[in-house]
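Working notes, beginning with the structure itself.
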Amino acid sequence: METMNAASSTPDMPDDLGSGVMFDHTYLVEAKDLNSLLFGPDSQFSKDLRELQGTTDYDEQPWTWKSQDPPSLTRTCRYTKGATKLMKDVKTIEEQTYLKADGKNFAIMTRVRTPEVPFGNCFEVVLLYKITHSPELSPGEESSRLTVSYNVEFLQSTLMKSMIEGSVRDGLKENFESFAEILSRHVKLADAAGMDKEQLLAPLQTDRQSHIRLAYKYFCNFTVVSTVIMAVYVLVHILLSRPGPLMGLEFSGLDLPDTFGELITSGILVLQMERLLNMVYHFVQARIQRGGDHGVKANGDGWLLTVALLEATSLPPVSCGSVDPYVVFSCNGITRTSSVQLQTQEPQWNEVMEFDAMEEPPAMLDVEIFNFDGPFDLAISLGHAEINFLKHTPTELADIWVPLEGKLAQTCQSRLHLRMFLENTKGPETSMRDYLNKMEKEVGKKLHVRSPHRNSTFQKLFSLPHEEFLIADYACSLKRKLPLQGRLFLSARIVGFYANLFGHKTKFFFLWDDVEEVEVLPPSFTTVGTPSLVFMLKSGRGLDAKNGAKSQDKEGRLKFQFHSFGSFNRASRTIIGLWKTKSSAIEQRAKLEEDHGDESHDDLDDVQSVLSIGDVTLSKEYTVEHPIDADLLMGVFDGGALETRTMSKVGCLDYTATPWEETKPGVLERHASYKFNRYMSIFGGEVGSTQLKSPSEDGDGWTVYDVMTLRNVPFGDYFRVHLRYDVRRVASSEPEPPSCRCEVLVGIEWLKSSKFQKRIARNICDKLAHRAKEVLEVAGKEIASAMSG
Numbered sequence: 001m002e003t004m005n006a007a008s009s010t011p012d013m014p015d016d017l018g019s020g021v022m023f024d025h026t027y028l029v030e031a032k033d034l035n036s037l038l039f040g041p042d043s044q045f046s047k048d049l050r051e052l053q054g055t056t057d058y059d060e061q062p063w064t065w066k067s068q069d070p071p072s073l074t075r076t077c078r079y080t081k082g083a084t085k086l087m088k089d090v091k092t093i094e095e096q097t098y099l100k101a102d103g104k105n106f107a108i109m110t111r112v113r114t115p116e117v118p119f120g121n122c123f124e125v126v127l128l129y130k131i132t133h134s135p136e137l138s139p140g141e142e143s144s145r146l147t148v149s150y151n152v153e154f155l156q157s158t159l160m161k162s163m164i165e166g167s168v169r170d171g172l173k174e175n176f177e178s179f180a181e182i183l184s185r186h187v188k189l190a191d192a193a194g195m196d197k198e199q200l201l202a203p204l205q206t207d208r209q210s211h212i213r214l215a216y217k218y219f220c221n222f223t224v225v226s227t228v229i230m231a232v233y234v235l236v237h238i239l240l241s242r243p244g245p246l247m248g249l250e251f252s253g254l255d256l257p258d259t260f261g262e263l264i265t266s267g268i269l270v271l272q273m274e275r276l277l278n279m280v281y282h283f284v285q286a287r288i289q290r291g292g293d294h295g296v297k298a299n300g301d302g303w304l305l306t307v308a309l310l311e312a313t314s315l316p317p318v319s320c321g322s323v324d325p326y327v328v329f330s331c332n333g334i335t336r337t338s339s340v341q342l343q344t345q346e347p348q349w350n351e352v353m354e355f356d357a358m359e360e361p362p363a364m365l366d367v368e369i370f371n372f373d374g375p376f377d378l379a380i381s382l383g384h385a386e387i388n389f390l391k392h393t394p395t396e397l398a399d400i401w402v403p404l405e406g407k408l409a410q411t412c413q414s415r416l417h418l419r420m421f422l423e424n425t426k427g428p429e430t431s432m433r434d435y436l437n438k439m440e441k442e443v444g445k446k447l448h449v450r451s452p453h454r455n456s457t458f459q460k461l462f463s464l465p466h467e468e469f470l471i472a473d474y475a476c477s478l479k480r481k482l483p484l485q486g487r488l489f490l491s492a493r494i495v496g497f498y499a500n501l502f503g504h505k506t507k508f509f510f511l512w513d514d515v516e517e518v519e520v521l522p523p524s525f526t527t528v529g530t531p532s533l534v535f536m537l538k539s540g541r542g543l544d545a546k547n548g549a550k551s552q553d554k555e556g557r558l559k560f561q562f563h564s565f566g567s568f569n570r571a572s573r574t575i576i577g578l579w580k581t582k583s584s585a586i587e588q589r590a591k592l593e594e595d596h597g598d599e600s601h602d603d604l605d606d607v608q609s610v611l612s613i614g615d616v617t618l619s620k621e622y623t624v625e626h627p628i629d630a631d632l633l634m635g636v637f638d639g640g641a642l643e644t645r646t647m648s649k650v651g652c653l654d655y656t657a658t659p660w661e662e663t664k665p666g667v668l669e670r671h672a673s674y675k676f677n678r679y680m681s682i683f684g685g686e687v688g689s690t691q692l693k694s695p696s697e698d699g700d701g702w703t704v705y706d707v708m709t710l711r712n713v714p715f716g717d718y719f720r721v722h723l724r725y726d727v728r729r730v731a732s733s734e735p736e737p738p739s740c741r742c743e744v745l746v747g748i749e750w751l752k753s754s755k756f757q758k759r760i761a762r763n764i765c766d767k768l769a770h771r772a773k774e775v776l777e778v779a780g781k782e783i784a785s786a787m788s789g
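Okay, so the sequence shown: first residue is 1 according to full-length UniProt numbering, each after it adds one.
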C-alpha cells in the first residue's frame with residue numbers, strides 16, 4: 001500500500017459508474033482503517049459477511065503489485081455464492097484493483113464474473129468502491145464516506161440485456177443490505193444530523209486567520225528573505241567601515257558610489273526594498289479590505305441556503321495583470337458576492353453567505369468567479385459552474401470541490417471548494433402543505449398530499465433527495481418519431497417522465513427553472529386527435545433530458561411535447577399553474593431584494609450627496625459644440641419625451657425622474673433612478689441620482705450637478721460619482737444659427753479607503769465621461785431631427 005501511495009498519480013477520484021450508486025454512507029472511522037477493514041487480507045468483516053450470505057469455498061489470493069502502465073495493486077478472490085431468492089448457488093470470480101490510494105482516499109475497482117448463471121458469459125458486473133476522507137463531525141473525530149457504484153458491461157450482444165440489468169440491480173440491492181448490516185457491527189454509522197452545520201462553519205465565523213500567521217505565509221518567500229539578508233549585510237558593512245575621504249564630485253552630505261559594483265549593488269537593494277514595501281502595502285490593504293455579503297444573516301422561515309466559500313485552486317491568469325478574484329452566487333433570483341482577494345491565483349476566502357428563506361427548495365446555484373477591474377469594465381470571467389441540488393446528497397454538499405467550466409478554467413483545471421447546507425425551518429409536513437395550499441389558489445383545484453409510499457417511489461425512480469415531494473402525475477404519451485406511452489410526474493422543482501415498454505425504460509426529468517414557455521397546441525392527426533402540451537426550455541438547459549426531446553431549435557432550445565392525457569383540462573391547468581407560479585416567484589424575490597436595498601439607502605444618500613456638492617475636485621473629461629440653442633439642449637434634463645428617449649438609447653433601463661422643485665432661490669433639485677444595461681456594466685447595477693440645476697453666473701447658460709450613488713456593483717458603497725454639465729451659449733457676430741458649448745466634468749467622492757481607488761477612478765472616469773458624451777450627442781441628434789422634420 002505504501003508503494004501504491006508513492007506511485008499514485010491520479011489527481012482526482014474517478015467518477016461514479018454509469019448505472020448508479022448502490023451504497024452511500026458515512027462512518028466514524030478513518031479512511032485508511034475502513035479500507036483495511038474492507039480489503040485487508042483475512043479481514044474479519046469479510047468473514048462475517050461470508051457467514052451471513054452463505055458463501056463457501058472461499059479462496060483469497062494475496063495482493064500483488066503489477067508494474068504496468070499505470071502500475072496497480074490487484075488480487076483475485078474465488079468463492080461459491082450462497083443461494084438467494086433470485087438464484088441458486090453460483091461460482092463467482094472477483095478481480096479487485098486499486099485505482100487510487102493516497103492514505104486519505106481510496107478507489108477500488110472490482111470486476112465480478114459469474115459464468116454459471118444464465119447468459120453469464122455475456123456480461124460482467126463492475127463495482128467501484130470509493131473511500132473518501134470526510135470533514136470532522138466534531139473535534140478529534142475522524143469520519144470517512146463509502147460510496148459504491150456499479151455498471152453492467154456486456155462482452156457480447158444479447159436480446160436479454162434489459163432482463164440481465166434488472167436482475168443484477170435486484171441482486172446487488174439484496175447483497176448490499178447484508179453488507180450494510182455487517183459493516184455497522186464493526187464501525188459506527190455517522191448520523192446524518194452529525195454533519196452539523198454549526199460545527200463545520202464555526203471556524204469560518206471567527207477571524208479567518210491570525211495576522212501573524214497570515215503575515216508568515218505571505219512574507220515567507222525568496223524576495224523577502226533575500227532583501228532582508230542583503231539589507232542586514234549592507235548595514236553591518238556600513239557599521240564596520242570607516243568613512244573615506246571625499247573624491248570626485250562628492251561634497252559634504254553627498255556620498256556617491258565610487259565603483260560600478262557599488263552602483264549596481266545600490267540599485268539591486270533599492271529594487272528589492274521597493275518590492276518589499278509594495279508587498280507590505282498590499283498585505284495591509286488586504287487585511288483592511290472587507291466587502292461582499294460575508295456574515296449577512298438570512299431572514300424569514302422556510303428553506304434556508306447557507307454557502308461557505310473556502311478557497312479556489314489553479315485559477316487562470318489574465319492578460320491585464322494581476323488576478324484579483326471574487327465570486328458571485330445566484331439562487332432563485334438573489335445574488336450574494338464575496339470579497340475581492342488580492343493578487344492571487346490560489347485565493348482563500350473562508351466566508352459564509354446566507355440566502356433569505358424561500359418558500360420552496362431551490363434547484364440550482366449558479367457560481368461564477370470574476371477578476372475585478374472596476375465596476376464598469378466587462379469583468380473577465382475566470383470560470384463558472386452550476387450546482388444542481390437534486391443531484392447531490394447533503395453529505396456531498398457539506399464538503400464539495402466544484403470543477404469550473406470555461407475555456408480558461410478547464411485549461412488550468414480550476415476548482416472551487418464550497419460547503420453548502422440546505423435546511424427547512426418549517427419542517428417537511430408544514431412546508432409541503434403550505435406549498436400545496438399556495439398552488440391550489442393558482443391551479444383552481446384541490447391538491448392532495450401523496451402517501452409516503454408514493455412519494456418514496458417517486459424519489460427512488462428519479463434518484464431525488466428526500467425533501468422532493470410529488471404534486472401530481474398523469475398518464476400520457478411522449479411525442480417523438482414514435483409516440484411513447486408513459487407517465488408524467490410533477491413536483492415543486494422538476495417535470496419527470498417515465499415509460500417502460502417491454503423492459504425498455506425511458507426516464508428523464510428537467511427543472512421548472514429551465515422552462516422558458518409552456519404552450520397548449522390544438523388537436524391534430526399526429527397527436528391522435530387530442531390537444532397537447534409543449535415545454536420549451538431555455539437555450540442550453542436541460543441537456544440531460546435530451547433523449548426525450550422532440551426537437552432542438554437553432555438557438556439550442558429543447559422542445560418536449562406530451563399528449564393523450566386522460567383529462568387534458570385538469571393536467572394542463574395544473575402544469576401551467578405550476579409553471580407560472582415558479583417563474584413569477586423568482587421575479588418577485590429579485591424585486592423584493594432590490595426594494596429592500598433601495599429603502600435602506602435612499603434617504604441618507606440624498607441628504608449626503610447634496611451636502612457634498614462643491615467639495616469634490618472635478619476634472620474636465622469632454623467638451624463639444626452643438627449647432628443648437630442652449631435652452632433646447634437643456635431639454636434633455638427636463639423630464640420630458642426627449643430625456644426618456646435619450647436615456648433609453650444610451651443604456652439606462654427603467655429610467656424615472658421626479659419633477660424639478662425649487663430648494664432655494666435659483667436652484668432646482670430632483671431625483672432620478674435607473675439601471676445600467678449589461679453593455680454598460682457586466683453587473684447591471686442600479687443608480688440613485690440627485691441633480692441640481694441652476695443658471696450660470698454670467699446668465700449665458702445652465703449648470704447641472706449630478707451626484708450618483710451606485711448599488712449592486714463591487715465597492716459601490718465606497719464612493720459617489722459627481723458629474724457636472726456646463727451648457728453655455730456661444731456668442732457669434734455673424735447671423736448664424738444659435739449654438740452652444742457643453743463641458744462635462746467628473747469627480748469621485750471617496751466614502752471608504754480601498755486599494756482599488758486608482759483602478760476604480762480610471763474606470764469610472766472613462767465610462768461615465770463616454771456615457772455623458774453619448775447623452776449629449778444623442779440629444780443633439782434628436783433635437784436636430786425634430787427641427788428638420
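Cβ atoms here follow ideal geometry from the backbone N, Cα and C, with glycine treated the same way. Remember, predicted model here, so these are calculated numbers, not experimental data.
Limits of the beta strand (DSSP E) - the one that residue i falls within
i, result
"Asp706", "Gly701 to Arg711"
"Thr64", "Thr64 to Lys66"
"Leu304", "Trp303 to Thr313"
"Glu396", "Unbroken run through Glu396 is the alpha helix (DSSP H), Pro394 to Leu397; no beta strand (DSSP E)."
"Val402", "Ile400 to Pro403"
"residue 803", "Any property of residue 803 remains undetermined from this structure, which presents the chain solely from 1 to 789."
Local conformation of residue i per DSSP, three classes
i, result
"Val721", "strand"
"Val29", "coil"
"Val610", "Bear in mind that a pLDDT of 45 at Val610, under 50, signals an unreliable position, so the number given afterwards is only what the model happens to contain. Residue state, collapsed to three classes: helix."
"Cys476", "strand"
"Gln459", "helix"
"Pro325", "strand"
"Gly166", "helix"
"Asp59", "strand"
"Ile288", "Because Ile288 carries a pLDDT of 49, less than 50, the predicted location of this residue cannot be relied on, and the following value inherits that uncertainty. Ile288: helix per DSSP, three-state reduction."
"Gly640", "coil"
"Gly40", "coil"
"Phe568", "helix"
"Asp356", "strand"
"Asp12", "coil"
"Thr337", "strand"
"Gly18", "coil"
First through last residue of the alpha helix (DSSP H) which encompasses residue i
i, result
"Lys773", "Gln757 to Ser788"
"Asn437", "Pro428 to Val443"
"Leu632", "Ala630 to Leu633"
"Lys664", "Here Lys664 belongs to no alpha helix (DSSP H); instead the beta strand (DSSP E) covers Glu661 to Lys664."
"Glu386", "Counting along the chain, Glu386 falls outside any alpha helix (DSSP H), though it belongs to the beta strand (DSSP E) covering Ile380 to Asn388."
"Leu408", "Lys407 to Cys412"
Residues bridged to residue i [DSSP beta-bridge criterion]
i, result
"Gln561", "Val534"
"Gly688", "Ser673 and Thr709"
"Thr344", "None; Thr344 has no bridge partner."
"Lys620", "Leu745"
"Met364", "Asn388"
Sequence-distant residues of the same chain with beta carbon closer than 8 Å to residue i, five excluded per side
i, result
"His671", "Asp606, Ala657, Thr658, Gly688, Ser689, Thr690 and Gln691"
"Lys445", "Arg570, Arg573 and Thr574"
Other residues of its chain near residue i: CB distance less than 6 Å, five sequence neighbours each side excluded
i, result
"Arg113", "Ile93 and Glu124"
"Leu49", "Ile182"
"Tyr129", "Ile108 and Val148"
Cutoff 7 Å; reference residue i; Cβ partners in own chain excluding five residues on either side
i, result
"His133", "Ala31, Lys104, Asn105 and Ser144"
"Met247", "Asp258"
Considering only residues of the segment 213-256, which uninterrupted alpha helix (DSSP H) runs meet the minimum length of 4 residues and lie entirely inside it, listed in chain order?
Whole alpha helix (DSSP H) segments, 4+ residues: 222-240.
What residue ranges within the segment 476-522 form continuous beta strand (DSSP E) runs of no fewer than 3 residues, ordered along the chain?
Correct list: 484-491, 494-501, 504-511 and 515-521.
Could you give the uninterrupted runs of the alpha helix (DSSP H) lying entirely in the segment 69-99, keeping only those of 4 residues or more?
Those alpha helix (DSSP H) runs which fall completely within the segment 69-99 and span 4+ residues do not exist here.
What are the uninterrupted segments assigned as alpha helix (DSSP H) that are 4 or more residues long and contained completely in the segment 105-189, given in chain order?
Counting only runs of 4 or more, we get 161-186.
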